[in-house]
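Below you'll find the structure, written out as structure tokens, and then a few comments.
In the working numbering, the protein residues as written are 3 to 201.
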């Protein structure tokens, strides 16, 4: 999704995998069954299923490459749930905004649901999913998403001015690091979803 006044980037894949045969597999490369998973990965999947009622397709797809699954989940849990000056809701807002800019419907839907719960404001969550630039946001969250969007741009390099703008709304250099880490990690995730044609 492109911000108002800018030309859209071409989508990396057609919406809803237009023209492809839809099958039950979680990705174009299939997925791992629980029985075939290493014990530690199966335990993560079963714990998640007990909490939310299903095993996310991203788990099933990544489980085909156990070392990738472990690395992906370790860094995911660190940037999304680890100690930070950013709230869990602010981190989910970054994911939704960046994923929307990258046309990653899978991540917008799954993390949009988390943002609606954690942020306790479903209207703002939906506005962020549609176009954070026109959403009714507090100055702190607007600054967070503006910086996350910059991190998501090709050839990004932070400027002193941008870091000063974050400090002006009470965000530290450590917070800037966390914004960049979440945005960059989900840039990777969005692109892997597109590569795998995650369903």
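Using N, Cα and C, we set each Cβ at its ideal position, and we do this for glycine too.
Here's a check: name, in chain order, each residue in its chain whose Cβ is nearer than 8 Å to the Cβ of residue i, leaving out the five neighbours to either side.
| i | result |
| --- | --- |
| residue 31 | 63, 66 and 198 |
| residue 33 | 27, 59, 62, 63, 65 and 66 |
| residue 143 | 92 and 95 |
To which residues of the same chain is residue i closer than 7 Å at the C-beta, ignoring the five residues directly before and after it?
| i | result |
| --- | --- |
| residue 182 | 153 |
| residue 137 | 126, 129 and 130 |
My guess is that residue i and residue j are in contact by the Cβ rule of under 8 Å, so how many angstroms apart are they, rounded?
| i | j | result |
| --- | --- | --- |
| residue 201 | residue 35 | No, residue 201 and residue 35 are not in contact; Cβ-Cβ is about 16 Å, not under 8 Å. |
| residue 188 | residue 101 | 6 Å |
Between residue i and residue j, what straight-line distance do the alpha-carbon atoms span, to the nearest angstrom?
| i | j | result |
| --- | --- | --- |
| residue 54 | residue 120 | 15 Å |
| residue 51 | residue 161 | 42 Å |
| residue 118 | residue 131 | 11 Å |
| residue 180 | residue 82 | 9 Å |
| residue 175 | residue 37 | 44 Å |
| residue 163 | residue 85 | 26 Å |
| residue 184 | residue 75 | 13 Å |
| residue 165 | residue 171 | 10 Å |
| residue 57 | residue 115 | 15 Å |
| residue 113 | residue 141 | 22 Å |
| residue 24 | residue 196 | Caution is warranted here: a pLDDT of 43 is assigned to residue 24, below 50, making its placement in the model unreliable, and the coordinate value is therefore given only provisionally. Answer to the nearest angstrom: the Cα atoms are 15 Å apart. |
| residue 103 | residue 151 | 8 Å |
| residue 49 | residue 159 | 39 Å |
| residue 44 | residue 71 | 11 Å |
Please return the same chain residues whose Cβ sits closer than 6 Å to the Cβ of residue i, not counting the five positions on each side in sequence.
| i | result |
| --- | --- |
| residue 206 | Residue 206 falls outside the range modelled here, since the chain spans only 3 to 201, and no answer is possible. |
| residue 134 | 99 and 147 |
Going by CA-CA distance only, name the one from the options that's closest to residue i.
| i | options | result |
| --- | --- | --- |
| residue 98 | 142, 165 and 126 | 126 |
| residue 122 | 133, 136, 90 and 103 | 90 |
| residue 69 | 186, 196, 39 and 187 | 39 |
| residue 177 | 128, 87, 102 and 103 | 87 |
| residue 167 | 72, 73, 145 and 77 | 145 |
TODO: Take every Cβ of the segment 104-121, pair it with every Cβ of the segment 188-197, and state whether three or more of those distances are shorter than 8 Å.
DONE: yes
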